[in-house]
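Participant:
Numbering (this note's numbering), first residue to last: 213 to 479.
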């Protein structure tokens, strides 16, 4: 809801037409909203069951699922270089998130299920974002309506007998002090709005699998920001993980070059 509140005014000022969608696209955004609501709900459960480190790693399995889904749905190439790049990046995420400790992986069935399902659902979100771009829908319009419908479905989920559901309207708003609300608003207005908006925009220029792979650099950037802003030190294992993530991005370049060579040969 806060993302929509933050996004409507600038769109209304910059280009009012971005606030409108065609009737033919309503069904797409309903499904888009369901996927986003399910992802956020399952991701929250995954963090509760697995802890932040393991939940993050399992969530980034979305890079692999996205590559498979994009190959199946959009006929994107799934070559050796792309598979290698994904493997390097996911291994790097494990190291950067400090999820290499075997004790962290003493998971229950619910933890494994929610963790992997969060990866599948974010991969599904990527497919919806790519489909929206193929239909010529602006990335910011896509962001607005996916979050709007997502908010509606999250509200519905909160009245169902599900784990973590609020159960009533009064229990839905978080019980936070004023500074807590300020942090929540800032997180909604800046990282969430810009993060998802720019990610959706990248779908206009990149294959879904490539955009998803590049997103795995997030744990690396988090560690760098923690070092610069909070003075936290990266361990040697985290440095190695960071190198692997960067190598994954570099290897992806070979996939692009290989595709260009194949196209040239076919011509």
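Just so you know, even glycine gets a beta-carbon here, dropped at the ideal spot from N, CA and C.
Bear in mind that the values here come from a model prediction, so they are computed numbers and not experimental data.
1) Measuring alpha carbon to alpha carbon, tell me which of 362, 274 and 440 ends up nearest residue 330.
2) Whole alpha helix (DSSP H) runs in the segment 247-317 with 4 or more residues, listed along the chain?
3) Return the Cβ separation of residue 352 and residue 223 in integer angstroms, given the expectation that the two are a contact with Cβ distance under 8 angstroms.
4) Would the beta-carbon of residue 433 fall within 8 angstroms of that of residue 423?
5) Expressed to the nearest angstrom, what Euclidean distance is found between the alpha-carbon atoms of residue 461 and residue 413?
6) Taking the straight line between their C-alpha atoms, what separation do you get for residue 285 and residue 387?
7) I need the boundaries of the alpha helix (DSSP H) containing residue 443, first residue and last residue.
8) Around the Cβ of residue 475, are there at least 16 other Cβ atoms within 10 angstroms (buried) or fewer (exposed)?
9) Which runs of the alpha helix (DSSP H) spanning at least 4 residues fall entirely within the segment 316-343, listed in chain order?
10) Should residue 438 be labelled buried (16 or more other beta-carbon atoms within 10 Å of its own) or exposed?
11) Out of curiosity, what's the CA-to-CA distance linking residue 255 and residue 287?
12) Residues in the same chain with beta-carbon distance under 6 angstroms from residue 259, minus the five sequence neighbours each way, listed in chain order, please.
13) Roughly how many angstroms separate the alpha carbons of residue 371 and residue 246, rounded to a whole number?
14) Any idea if residue 477 is buried or exposed, counting beta-carbon neighbours within 10 angstroms, 16 or more meaning buried?
15) Could you please give the first and the last residue of the uninterrupted alpha helix (DSSP H) stretch that includes residue 390?
16) State the DSSP-derived secondary structure class of residue 213, mapped to helix, strand or coil.
17) If you draw a straight line from the C-alpha of residue 282 to the C-alpha of residue 360, how long is it?
18) Taking C-alpha atoms, which residue in 216, 421 and 304 lies nearest to residue 336?
19) Return yes when the Cβ of residue 253 is within less than 8 angstroms of the Cβ of residue 366, no when it is not.
20) Alpha carbon to alpha carbon, how far is residue 443 from residue 450?
21) Check for me: the alpha helix (DSSP H) holding residue 355 runs from which residue to which?
22) Indicate whether residue 358 and residue 466 have their beta-carbon atoms separated by less than 8 angstroms.
23) Given a cut-off of 8 angstroms on the beta-carbon distance, is the pair residue 262 and residue 319 in contact?
24) Is the distance from the Cβ of residue 341 to the Cβ of residue 216 below 8 angstroms?
25) Measure the C-alpha to C-alpha separation of residue 324 and residue 229 and round it to an integer number of angstroms.
Facilitator: Put simply:
1) Taking the first residue of the chain shown as position 1, residue 330 is located at position 118. The option with the nearest alpha carbon to residue 330 is 274.
2) For the segment 247-317, whole alpha helix (DSSP H) runs of length 4 or above, ordered along the chain, are 264-271, 274-285 and 292-308.
3) Indexing the chain shown from 1 puts residue 352 at position 140. Indexing the chain shown from 1 puts residue 223 at position 11. Right, the Cβ-Cβ distance comes to about 6 angstroms (below 8 angstroms), so this counts as a contact.
4) Translated into positions along the chain shown, residue 433 becomes position 221. Translated into positions along the chain shown, residue 423 becomes position 211. No; because the gap between Cβ atoms is not below 8 angstroms, this pair is not in contact.
5) In the chain shown, residue 461 corresponds to position 249, counting from 1. In the chain shown, residue 413 corresponds to position 201, counting from 1. Those two C-alpha atoms are separated by around 19 angstroms.
6) By one-based count along the chain shown, residue 285 stands at place 73. By one-based count along the chain shown, residue 387 stands at place 175. Taking the straight line from one Cα to the other gives about 42 angstroms.
7) Stepping through the chain shown from its first residue, residue 443 is reached at position 231. Where residue 443 is concerned, there is no enclosing alpha helix (DSSP H), given that its DSSP letter is neither H nor E.
8) Taking the chain shown and counting its residues from 1, one reaches residue 475 at position 263. At residue 475, the pLDDT of 41 sits below 50, so the modelled position is not reliable; the number obtained from the coordinates is stated separately. Answer is exposed; the Cβ neighbour count stays below 16.
9) none
10) Here residue 438 is taken as the residue at index 226 of the chain shown, counted from 1. When all chains shown are included, residue 438 counts as exposed.
11) Position 43 of the chain shown, counted from the first residue, corresponds to residue 255. Position 75 of the chain shown, counted from the first residue, corresponds to residue 287. Spanning the two alpha carbons is a distance of roughly 28 angstroms.
12) Along the chain shown, one-based indexing puts residue 259 at 47. Hits under 6 angstroms: 267.
13) Here residue 371 refers to the residue found at position 159 of the chain shown. Here residue 246 refers to the residue found at position 34 of the chain shown. Roughly 15 angstroms separates the two Cα atoms.
14) Taking the first residue of the chain shown as position 1, residue 477 is located at position 265. Confidence is the limiting factor: at residue 477 the pLDDT is only 47, short of 50, which leaves the residue's position unreliable and the question unanswerable from this model.
15) For the purposes of this step, residue 390 is taken as the residue at position 178 of the chain shown. Run containing residue 390: 390-399, per the alpha helix (DSSP H) assignment.
16) Here residue 213 refers to the residue found at position 1 when the chain shown is read from its first residue. In this structure, residue 213 counts as coil in the three-state DSSP scheme.
17) Here the question's residue 282 lines up with position 70 in the chain shown. Here the question's residue 360 lines up with position 148 in the chain shown. Answer to the nearest angstrom: the Cα atoms are 25 angstroms apart.
18) Along the chain shown, read from residue 1 onward, the residue named residue 336 stands at position 124. Nearest C-alpha to residue 336: 421.
19) Numbered from 1 along the chain shown, position 154 holds the residue referred to as residue 366. Numbered from 1 along the chain shown, position 41 holds the residue referred to as residue 253. Contact: yes.
20) As a working note, residue 443 is residue 231 in the chain shown. As a working note, residue 450 is residue 238 in the chain shown. For residue 443 and residue 450, the distance between alpha carbons rounds to 15 angstroms.
21) Working through the chain shown from its first residue, we reach residue 355 at position 143. First-last of the alpha helix (DSSP H) with residue 355: 351-369.
22) Here residue 358 is taken as the residue at index 146 of the chain shown, counted from 1. Here residue 466 is taken as the residue at index 254 of the chain shown, counted from 1. Their beta carbons are not under 8 angstroms apart, which means residue 358 does not touch residue 466 by this criterion.
23) For the purposes of this step, residue 262 is taken as the residue at position 50 of the chain shown. For the purposes of this step, residue 319 is taken as the residue at position 107 of the chain shown. Yes, Cβ-Cβ distance for residue 262 and residue 319 is below 8 angstroms.
24) The residue given as residue 341 occupies position 129 in the chain shown. The residue given as residue 216 occupies position 4 in the chain shown. Judged by beta-carbon spacing, residue 216 lies beyond the 8 angstroms limit of residue 341, meaning their Cβ atoms are not closer than that value.
25) The residue you call residue 324 lines up with position 112 of the chain shown. The residue you call residue 229 lines up with position 17 of the chain shown. Distance from the CA atom of residue 324 to the CA atom of residue 229, rounded to whole angstroms, is 43 angstroms.
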